[in-house]
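Under our numbering, the first residue of the sequence shown is numbered 5, with each subsequent residue one higher.
See structure below.
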Amino acid sequence: MRLKFPPLCGGASIGLNDPGIETFEGNYAHYIVRECAQNSLDAASHKGSKIRLEFKAHSFQSSQLSFHEDLLEALKASKSYWSSQEKAQRFFDGALTKLNQTSVSFLRISDSGTTGVPGGDFDQNSPWYGLVKSRGVSVKEDSGSGGSFGIGKDAPLAGSACRTVLYSSKTLDGNIAFQGVSRLVTHLNPDETQGTGYIGDFEGSENVFPAIRDEQKIPEFFRRGDRGPGLDIWVVGFKYASHEWEKLFIGAALANFWPAVYFEKIEFEIGHTTISRETLPSLMKEWQHEDPVKSQFPFFQALISPAGREFSAHLPVAGSCKLFVLTGKDLPRLVAMTRKTGMIIYEASFRVLRTPFAGLFICESEVGNSLLKTLEPPSHDRWDPNRNVDDPKAKEALDQIKYFVRESLRTLGPDPSETSFNENILSRFLPDDEESELPDPNDDEGPEADLGGRPDEGTTTQRPKPPVSIIVNKDERGRAGSGEGEGGGGEESPDGREGDGKNTGGKRGSSGSDLGTGGNDATTPVKPNVSTRGWRSAEREWDYELVLRTDSDYEGGLLVMALDEDGTEQEVAVDRAENLETSTPIETVGNLMKEIKTSAGKPSRVRVKLASATKLTLRVKPS
């Protein structure tokens, strides 16, 4: 079994800065666990089967590895070829030190309960070709799978001191495949080579690099043997020292996949530790004060606590969804967002509830998962509505999910009525003499940290929307027009969509300076900081009543913006506006209210009618 690199044949030279591998440099435990578990979940042997993923450290004598000398020679030739590159010299020196020893360390990543990796060496539509023979290609049978970019397979390569891994697969029908991949650089051997070489049994043509399909030709310790269908990934020259790797991998598995473990989609065996539905509670408790698990522990509590609440809904586009919520002191006011794989995507902020809370959201629908996957970057750490502009249903699904979460959270706070919740009561929560409209989210010691506990037990999907709601916005950094202020508890439209930028009178993030007010000549006053608080108007012909304060006297235009919880702004067109104190109309153009006059520290009251009926979180800033 040898290592060979295809000839370059006049192609572009390949250097060390491989984009795929560089993506996963650094926290190898986090990336390897996250990407390998995701790929194993995608390859479940049948729907609903539980995956088992093992991580075991091994060490083999160099003399047992028939490709060892070829790998050493390739590393030396690569170092010589890129002698002027300081980073390359450091890398190859480290790789040679790691490999030029009597024994070589390995990490074996082995799954079971999966299909293995079927397909031939030259079938471009097969999973084997996507794994071994391609770059940036993902071959998945499930449209709602975890991965979609074809670069997650590079995570184990990043964990190898010599960027070399071995793949050993057995499929459901008993087919065997074994091949190694060494992702190095162009070097001389004896002619210029490509950057990627292959480890295998190369008989006949030098430039054909098929996998080994005869189990007897595979070294015995690399065979799947009687362990059944699945995939083994052997990381050659594993970077972590033997005394530290287990704890790092256990923490990564708990922090990223505790929902998947709890719902019995996957279990882990890492060294001598088993992470399963049965062991998860004790492990999470043991790790609750340690990174990286401590930030996830409140969300785990939301799932398992008897005091928690469960909400469910079947959304028109996103499909079946669930939300588990726990309220109480010292909780982060965040919701952990996941798809059906049970991997944590990110933690989302929903500023609709003063009571501290933690939540877990799960989209269980096949259709919803397929749409959400298109909104994820290669790191799978957020849902970005701008990633899939070709299919409006993807953003619509995300908008519906946000609406569902917000409305569910609102049921855990006070349930005001039209007669009992009015502007006088608003003043209790938003006093005129306070600079900040809401307490610090991290300060739970104040007398209003908890505003009413939780409702009776039961499963709830939505509640009727109160006729009056609090809308609070303030740029806490004190920079008018920066677009970085925080949004308070806003309103969404009855069909489950937040403000989507349609009919808002301009492009997202536009300054509005083309509307003819607030120019930049020498006579233009310094733009003040503006704080805004508002609520839905009780009068049908108006949408919102706003109280504005500036930190200095101001005369000029004010822009009305819609603010999402991630801090992004969109212009929202105003149909008409009126000064509440004088009952005089205010001229409007697009999202601009013209000729507003304010005095430092004194409230100015206006009410607005928006061009569309969409309910939003509003913010006002100088033009």
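All C-beta atoms in this analysis are idealised placements derived from N, C-alpha and C, irrespective of residue type, glycine included.
The structure displayed is predicted, hence computed values, not measured ones.
| If you compare alpha carbons, which of Cys166, Gly275, Thr118 is closest to Lys174? | Thr118
| query | Which whole-angstrom value is the C-beta distance of Leu330 and Ser316, which I expect to be below 8 Å? | reply | Not a contact, Cβ separation roughly 16 Å.
| request: Measuring alpha carbon to alpha carbon, tell me which of Thr554, Ser541, Gly178 ends up nearest Leu584. | output: Minimum Cα distance to Leu584 is reached at Ser541.
| said: Counting beta carbon pairs with one atom in the stretch 102-113 and one in the stretch 241-253, are three or more of them shorter than 8 Å? | reply: yes
| task | Within its chain, find whatever has a CB closer than 6 Å to the CB of Glu438; leave out the 5 residues flanking it on each side and keep chain order. | result | Here the model assigns Glu438 a pLDDT of 35, short of 50, so the residue's position is not dependable and the matter cannot be decided.
| task | Tell me, please, which residues DSSP counts as bridged to Met341. | result | Tyr350, Phe365
| task | For my contact list, Leu357 and Gly417 are in at a C-beta cut-off of 8 Å; report their separation, rounded to the angstrom. | result | Going by Cβ atoms, the distance from Leu357 to Gly417 rounds to 5 Å, so yes, they are a contact pair.
| query | So what's Leu319 in DSSP terms, helix, strand or just coil? | reply | In the structure shown, Leu319 adopts extended strand secondary structure according to DSSP, grouped into three states.
| field | Candidates Gln574, Gly594, Val610, of which the one nearest Thr586 by Cα | value | Val610
| Is it a yes or a no for the stretch 166-173 touching the stretch 226-242, going by three-plus beta-carbon pairs under 8 Å? | yes
| field | Strand pairing of Thr331, partner residues [DSSP] | value | In DSSP, Thr331 forms a bridge with Phe361.
| field | Separation of Ser324 from Glu549, as counted between CA atoms | value | 36 Å
| Can you give, in chain order, each stretch of the beta strand (DSSP E) that sits fully within the stretch 245-325 and has at least 3 residues? | 270-274, 277-279, 313-319
| query | Count the other CB atoms within 10 Å of the CB of Cys13; is the residue buried (16 or more) or exposed (fewer)? | reply | exposed
| task | Within its chain, find whatever has a CB closer than 6 Å to the CB of Asp125; leave out the 5 residues flanking it on each side and keep chain order. | result | Pro214, Ala215
| To the nearest whole angstrom, what separates the beta carbons of Tyr35 and Ala159, a pair I think is in contact under 8 Å? | 4 Å
| In terms of residues, what are the limits of the beta strand (DSSP E) holding Phe59? | 55-65
| task | Starting from the Cα of Leu176, find the closest Cα among Lys137, Val185, Ala401, Val121 and give me that residue. | result | Val121
| said: Can you give me the C-alpha to C-alpha distance between Lys625 and Leu45, rounded to a whole angstrom? | reply: 47 Å
| request: Would you mind working out which of Gly30, Asp22, Phe182 sits nearest Asp205, comparing C-alpha positions? | output: For Asp205, the nearest C-alpha among the options comes from Phe182.
| message | Rounding to the nearest angstrom, what Cα-Cα distance links Gly15 and Val593 in this structure? | response | 57 Å
| Test item: CB-CB of Phe28 and Ala162 under 8 Å | Yes; because the gap between Cβ atoms is below 8 Å, this pair is in contact.
| query | According to DSSP, is Thr27 helix, strand or coil? | reply | helix
| said: Looking only at its chain, what residues have a beta carbon closer than 7 Å to the beta carbon of Asn507, apart from the 5 residues adjacent to it on each side? | reply: For Asn507, the predicted structure reports a pLDDT of 34, less than 50, and the residue's modelled location is therefore unreliable. A value from the coordinates is still provided. Cβ neighbours of Asn507 beyond the five flanking positions: Ala577, Ala615, Ser616.
| request: Please name the residue in Asp555, Gly561, Lys613 whose C-alpha comes closest to that of Trp546. | output: Lys613
| request: Report the partner residues of Phe182 according to the DSSP bridge assignment. | output: Its beta-bridge partners are Ser172, Ile216.
| query | Do you know offhand how far Glu268's Cα is from Glu58's? | reply | 15 Å
| message | Determine whether the beta carbon atoms of Ala401 and Asn392 lie at a separation below 8 Å. | response | no
| message | Between Ser535, Phe95, Gly52, which has its C-alpha nearest Leu20's C-alpha? | response | Phe95
| message | DSSP three-state label for Val37, please. | response | helix
| Would you call Arg544 buried or exposed, if buried means 16 or more other Cβ atoms sit within 10 Å of its Cβ? | exposed
| query | Between Gly500 and the rest of its own chain, which residues show a CB-CB distance below 6 Å, the 5 nearest in sequence each way excluded? | reply | Bear in mind that a pLDDT of 37 at Gly500, under 50, signals an unreliable position, so the number given afterwards is only what the model happens to contain. So the qualifying residues of the chain are Gln404, Tyr407.
| said: Measuring straight from C-alpha to C-alpha, what distance separates Asp230 and Ala47? | reply: Rounded to whole angstroms, the separation of the alpha carbons of Ala47 and Asp230 is 19 Å.
| message | Relative to the C-alpha of Leu338, which candidate in Gly363, Lys344, Leu319, Leu69 has its C-alpha closest? | response | Gly363
| request: Determine contact between the stretch 595-607 and the stretch 561-568, defined as no fewer than three beta-carbon pairs at a distance below 8 Å. | output: yes
| field | Limits of the alpha helix (DSSP H) - the one that Asp97 falls within | value | Its alpha helix (DSSP H) spans residues 90-103.
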